[in-house]
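Heads up, the thing below is written out as structure tokens.
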Amino acid sequence: MHVASCMFGQQTGRGLNYNLADYRAIPDDGLDDSEAFTFALNECRNNPGSTLTIPPGSYNYRKSKALEFEYKAINGQYGEDVQGVFFLSLVANML
């Protein structure tokens, strides 16, 4: 399980806990999970200091920005910490 701290803006209170599964993202089903990620990350953005839990598995993104990040990661443009760079970039730019 991957847990991401969503630190958008200034924390104004108690952060909330979100789970990607609550937004109908199902790992390993071959379907596009872009909308679920978008909604979940928007909730985090609206509630600074929140945590997004991403259940283990493979997720599919069809948004052009996500595909661009994937291409760059495969080609080594993000260096050795691909997962960290990819997730932070995705959070910042997917919304």
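Under our numbering, the sequence shown is numbered contiguously, ending at residue 96.
We put the beta carbon where it would ideally sit given N, CA and C, even for glycine.
If you check the beta carbons only, do Y60 and D34 fall under 7 Å apart?
-> yes
Could you tell me which residues DSSP puts in a beta bridge with N18?
-> T52
What do you reckon, is the C-beta of G16 under 6 Å from a heavy atom of the ligand ATP?
-> This structure lacks the ligand ATP, and indeed carries no ligand of any kind.
With DSSP run on the structure shown, which of helix, strand or coil describes D1?
-> Because the chain here runs from 2 to 96, residue 1 falls outside it and cannot be looked at.
Tell me, to the nearest whole angstrom, how far the beta carbon of N43 is from that of G16; I am working on the premise that it is less than 8 Å.
-> Contact flag wrong, Cβ pair sits at about 15 Å.
Can you have a look at Y19 and say buried or exposed, based on whether 16 or more other CB atoms are within 10 angstroms of its CB?
-> buried
Applying the criterion that 16 or more other CB atoms from any shown protein chain within 10 Å of the CB defines a buried residue, is S65 buried or exposed?
-> exposed
Residue of S51, L68, Y62 minimising C-alpha distance to G31 = Y62
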